[in-house]
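Asker: Sequence positions in the sequence shown follow the working numbering and run -16 to 325. Backbone N, C-alpha and C define an ideal beta-carbon position, used for all residues, glycine too. I'd like to ask you about the structure that follows.
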Amino acid sequence: QNWLDSSKEIKRQIRSLPWIFTFNVKFYPPDPSQLTEDITRYFLCLQLRQDIASGRLPCSFVTHALLGSYTLQAELGDHDPEEHRSDYISEFQFAPNQTQEMEEKVAELHKTHRGLTPAQADSQFLENAKRLSMYGVDLHHAKDSEGVDIMLGVCANGLLIYKDRLRINRFAWPKILKISYKRSNFYIKVRPAELEQFESTIGFKLPNHRAAKRLWKVCVEHHTFFRLLSPEQPPKAKFLTLGSKFRYSGRTQAQTRQASNLIDRPAPYFERTSSKRVSRSLDGAPMGISDQSLLRDLPATEGQAAGDKIIDIEAAGQAKLKEGGREEDGSPVKTPQLELTQ
């Protein structure tokens, strides 16, 4: 699966038939409460429900039950003993390995949400989902310098390192000086710590060259969307230019927020559709949504230092990202610039 590039023809991006498209969320907002319209929050809820049910977004038993109860409130309204029999929850898929105990807990919590409108239930769902440690993290399989299997996660904050589902390191965007890929290797250069003098470079081995380039592109996209005021315009073509010309061409988070503040129309009307229900076998075992891979080509916020110089790509893809200084509230004070280097 890959994201479509709106600047290219579809036939150049998808070589085999049939063409199958899905509507998904690429950048997960760190604070969903800042989304202006109910329909946007609803779409984000649908994506997160799918992430959770497929196992892509891990949850504890308690969180599965709580989020499931808000889903029921949003879709079914207040609990009605006459209408909602003991097995009404079995039609919904809340978790990869859903148990009767979990369904009973969901039903118990559903009863406590009486009076919440669908929009309010969605807001409560998002408020709890955003606290999950893997919320908004785009995972990529890799190996460290010792050949140990790890996962590299890209999110609004920067780059995360996971081993056996546990986060073992984190590199915030202001900490990262350069990222690069060459063949199937991916590198990051980080700023020296307080007691260190020199920058350090950390390398990772990806499954192949395409995976390394994909990870680099995801980093560029996330950095541009969450950190910059606007995407940099691609440079003018040069004779025998080497390196990747990739640039994120969509709107940034800052541009999206500005546009939403200028909306001058009634909120769009939309109808909520029922979640994907689960069919059951004769013995009552669920036969619903199958687990999806942790790696999907789809594609969470801390203090940011002033004057960040972020990405300088060498070899196959080269790019240098510069960020302007930031106000005390974290807002940029200068238009950031992207400069291609060879």
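In its own chain, which residues sit with a C-beta less than 7 Å from the C-beta of Q56, not counting the 5 before and 5 after it?
Answerer: Position 73 of the sequence shown, counted from the first residue, corresponds to residue 56. Once the five neighbours on either side are set aside, the close Cβ partners of Q56 are H93, H96, L99, A104.
Asker: Excluding five sequence neighbours on each side, which residues of the same chain lie with their C-beta closer than 6 Å to the C-beta of E204?
Answerer: Counted from its first residue, the sequence shown places residue 204 at position 221. These residues qualify, in order along the chain: Y231.
Asker: Residues in its own chain within less than 7 Å of A48 by CB, not counting five upstream and five downstream?
Answerer: Taking the first residue of the sequence shown as position 1, residue 48 is located at position 65. Around A48: M85, K88, V89, L92.
Asker: If we count Cβ pairs, one from each stretch, closer than 8 Å, do we get three or more for the stretch 195 to 210 versus the stretch 130 to 149?
Answerer: Cβ pair count under 8 Å is three or more, so yes.
Asker: Between which two residues does the beta strand (DSSP E) carrying N244 extend?
Answerer: Taking the first residue of the sequence shown as 1, we reach residue 244 at position 261. Unbroken run through N244 is the alpha helix (DSSP H), 236 to 244; no beta strand (DSSP E).
Asker: Just checking, does the stretch 244 to 258 make contact with the stretch 18 to 26 on the three C-beta pairs under 8 Å criterion?
Answerer: With a cut-off of 8 Å, the stretch 18 to 26 and the stretch 244 to 258 count as touching, because enough Cβ pairs lie within range.
Asker: Between K158 and the rest of its own chain, which residues show a CB-CB distance below 6 Å, the 5 nearest in sequence each way excluded?
Answerer: Position 175 of the sequence shown, counted from the first residue, corresponds to residue 158. The residues are V173, R174.
Asker: Would a C-beta distance cut-off of 8 Å place L31 and A102 closer than the cut-off?
Answerer: Along the sequence shown, read from residue 1 onward, the residue named residue 31 stands at position 48. Along the sequence shown, read from residue 1 onward, the residue named residue 102 stands at position 119. No.
Asker: Alpha carbon to alpha carbon, how far is F6 from L0? Give it in angstroms, no decimals.
Answerer: By one-based count along the sequence shown, residue 0 stands at place 17. By one-based count along the sequence shown, residue 6 stands at place 23. Approximately 18 Å, taken between the alpha carbons.
Asker: Of the choices F229, Q33, S167, whose alpha-carbon is the least far from that of L189?
Answerer: The residue you call residue 189 lines up with position 206 of the sequence shown. Selected option, being the one with the closest Cα: S167.
Asker: To the nearest angstrom, how far is the alpha carbon of Y25 from that of A176?
Answerer: Against the sequence shown, residue 25 aligns to sequence position 42. Against the sequence shown, residue 176 aligns to sequence position 193. Near 42 Å, if we compare the C-alpha coordinates of A176 and Y25.
Asker: State the Cα-Cα distance for the pair S257 and I133, rounded to the nearest angstrom.
Answerer: By 1-based counting over the sequence shown, the position of residue 257 is 274. By 1-based counting over the sequence shown, the position of residue 133 is 150. Rounded to the nearest angstrom, the two C-alpha atoms are 37 Å apart.
Asker: Assuming V45 and L27 make a contact with CB atoms under 8 Å, what is their CB distance in whole Å?
Answerer: As a working mapping, residue 45 is identified with position 62 in the sequence shown. As a working mapping, residue 27 is identified with position 44 in the sequence shown. With a Cβ gap of about 22 Å, V45 and L27 do not count as contacting.
Asker: Quick check: P79 and S43, are their CB atoms within less than 8 Å of each other?
Answerer: Mapped onto the sequence shown, residue 79 falls at position 96. Mapped onto the sequence shown, residue 43 falls at position 60. Taking 8 Å as the Cβ cut-off, P79 and S43 do not qualify as a contacting pair.
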